[in-house]
Amino acid sequence: MNEKLLQYLWNFKVFTNFDFIDTEGNPVEILDFGRWNTDSGPDFLMSKIKTKNMILAGNIELHVKSSDWIFHQHSKDPAYKNIILHVVFQNDIDIKEFKDQNIPTLELKNYIDKNVFQKYENLLKENQFIPCEKIFSIKKIPVNFHEENLLKKLEEKSLEIEADLHRHKNNYEAVMFHHLAYSFGLTVNASLFKQIAESIDFNIINKIRQNKTQLEALFFGISGWLETPLDLQMSLWKREFDFLKAKYNLPEIIIRPKFLRLRPPNFPTIRLSQFADLYFKHQNLFSKIILPQNTNSLFEIFKEIQASDYWTDHFNFGKISSINHPKVVTKDFIELIILNTILPVKYTYHKHQNENIGDEILAFYSEIQSEKNSIIKEWKKLGLKTKTSLESQSLIYHFKNFCKTKNCLNCSIGFKILKES
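For the sequence shown, the working numbering gives the first residue as 1, with consecutive numbering after it.
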């Protein structure tokens, strides 16, 4: 037993019966279990109980042992002055101040099914794909599970975007530029690409976006790749970068992307060139992204994006490759950009003006096929088949935020498992 589990059981009322008797033998009727307080102070606020023919309103504090009240030094904290009930799993000592103030203590150990403890311990011990793998079934998935997961993910992502908007004076175009850079960097270079984007005043991007060579030179120069040119094209990029540095008084900064553990098509050289092409070909990119009402319109924006001609027979500087073909963005890569950047930005932009935007964005996710990765593969082994990215994004989010961290007490599936007899 731990305090977190005890709070969970109290909040969701997972007891064998509710004929509560306090440690002095007096019946205690819980009229209102209270609101679970996850901040500092008493565990449950605005509670209401009836005992000794009196109705008491106030707060309830929970502890594994009654002596924890003393150990946690709550007596000295004014936030705990309005306690009406002390709920404990085990009453190991009597608390004098509660006796003096006629505040009842309720011991719960005889009101909790022992199977709950065993289930919870088993979940925490398991080192499989998900803690409840051995007892998982599709029937335990609640109604609207995927929709609720994805809306949580969208809201969390939206808060990140809003924080960036605050830092960049509500400039949506600049913030979208930063987040698109993050997506183009994929897992290995995402944060580094975003740092590169944030190191550039977006006004400069707007001024040079009609010149693809300058866009590439800017990205490659900040990446530290143009210090020693290996061919004529690199010399051209270096000349343009030196010009831009002088004209715009660019800071002396180098952010070096990584090549390790990347397949050549995902090399940062290729991705930054494609990123430059995106802003070269779409002068009003933000407007084009915000307006579309379906995924086909979004795909149209990205489908012609490709790295510059130099990269047709190169993956890295100065090294001609035997693979000779244009480095276009693939359908899978476009889908990743739409799922992880475009739709969260659209959601953030519209959420304060359009109360139905949540449903509209979910519809976008429903139009895109399910992703194929190791996490989805493991869910499939458990009998969960995914057809759309709404389902796959939900399962990826759920795994990372609940299963991987063994956050079973806040998991809607875990709740059903623990509550079952």
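The beta-carbon is built from N, C-alpha and C at its ideal position, and this holds for glycine as well.
Specify the secondary structure class of residue i as computed by DSSP and reduced to three states.
i, result
"Ser183", "helix"
"Leu136", "Residue identity differs from the one stated: residue 136 is Phe in this sequence, not Leu. DSSP places Phe136 in coil when its eight states are reduced to three."
"Asn316", "strand"
"Val329", "coil"
"Asn115", "helix"
"Asn26", "coil"
"Val188", "helix"
"Ala57", "strand"
"Arg239", "helix"
"Trp500", "Nothing can be reported for residue 500, as the shown portion of the chain is limited to 1 through 421."
"Ile94", "The sequence given here places Asp at residue 94; Ile does not occur at that position. DSSP places Asp94 in coil when its eight states are reduced to three."
"Ile208", "helix"
"Phe89", "strand"
"Ser66", "coil"
"Glu252", "coil"
"Met46", "strand"
"Ile83", "strand"
"Ile21", "strand"
"Asp231", "coil"
"Leu218", "helix"
"Leu260", "coil"
"Leu108", "coil"
"Thr51", "strand"
"Asp32", "strand"
Distance, Cα to Cα, residue i vs residue j?
i, j, result
"Ile55", "Ala363", "49 Å"
"Leu180", "Met46", "45 Å"
"Asn316", "Phe267", "8 Å"
"Asn189", "Thr38", "35 Å"
"Asp100", "Asp94", "11 Å"
"Val175", "Glu156", "16 Å"
"Phe18", "Leu154", "39 Å"
"Ile417", "Arg35", "23 Å"
"Ile413", "Leu62", "25 Å"
"Ser191", "Phe33", "44 Å"
"Ser287", "Ile342", "12 Å"
"Leu85", "Lys381", "47 Å"
"Ile334", "Phe415", "37 Å"
"Glu216", "Leu150", "35 Å"
"Ile290", "Ile396", "25 Å"
Using only CA atoms, which one of the options lies nearest to residue i?
i, options, result
"Leu384", "Phe136, Ile60 and Glu121", "Phe136"
"Glu420", "Phe15, Leu5, Glu3 and Met1", "Phe15"
"Ser322", "Asp313, Asn102, Thr51 and Asp19", "Asp313"
"Ile301", "Gln293, Lys281 and Glu173", "Lys281"
"Lys377", "Gln101, Asp242, His74 and Phe129", "Phe129"
"Lys404", "Leu154, Glu156 and Pro131", "Pro131"
"Glu240", "Pro292, Pro264 and Gln214", "Gln214"
"Pro265", "Asp277, Ile205, Thr105 and Lys327", "Lys327"
"Ser273", "Leu244, Gln306 and Phe89", "Gln306"
"Pro42", "His72, Glu335 and Lys381", "His72"
"Glu133", "Asn401, His146 and Trp379", "Trp379"
"Lys212", "Lys152, Asn171, Asp277 and Asp242", "Asp277"
"Tyr365", "Lys400, Gln195 and His146", "His146"
"Lys109", "Asp92, Phe220 and Arg261", "Asp92"
"His325", "Lys331, Thr105, Asp309 and Ile338", "Asp309"
"Phe220", "Arg256, Gly185, Asn206 and Phe243", "Arg256"
Is there a Cβ of chain C sitting closer than 8 Å to that of residue i, yes or no?
i, result
"Phe280", "This model lacks chain C altogether; it includes just one protein chain."
Does the distance between the C-beta of residue i and the nearest non-hydrogen atom of the ligand SAM fall short of 7 Å?
i, result
"Ile305", "Annotation note on the ligand SAM: not contained in the displayed structure, which lists no ligands."
Note to self: Across the stretch 386-395 and the stretch 348-360, are there enough close Cβ pairs to call them in contact, namely three or more that are closer than 8 Å?
What the structure shows: no
Next item on the list: Could you say if the stretch 388-408 and the stretch 365-378 meet the contact criterion of at least three C-beta pairs nearer than 8 Å?
Entry: yes
Check: So, do the stretch 237-254 and the stretch 192-209 have three or more beta carbon pairs nearer to each other than 8 Å?
Finding: yes
Notebook entry, point to check: In the stretch 343-416, which residue ranges form an unbroken alpha helix (DSSP H) of at least 4 residues, counting only runs that do not cross its ends?
Noted result: 343-350, 357-367, 374-381 and 389-398
Next item on the list: Could you say if the stretch 155-168 and the stretch 331-349 meet the contact criterion of at least three C-beta pairs nearer than 8 Å?
Entry: Cβ pair count under 8 Å is three or more, so yes.
Item checked: Inter-stretch contact at 8 Å, needing at least 3 Cβ pairs: the stretch 3-21 / the stretch 109-117 -> yes
Check: Unbroken alpha helix (DSSP H) runs of length 4 or more, entirely within the stretch 268-327: which are they?
Finding: 268-281, 285-290 and 295-302
Next item on the list: Flag this pair as touching only if the stretch 221-232 and the stretch 284-302 have three or more C-beta atom pairs under 8 Å; answer yes or no.
Entry: With a cut-off of 8 Å, the stretch 284-302 and the stretch 221-232 do not count as touching, because too few Cβ pairs lie within range.
Checklist line | alpha helix (DSSP H) runs contained entirely in the stretch 137-170, provided each spans 4 or more residues | finding: Runs found: 145-167.
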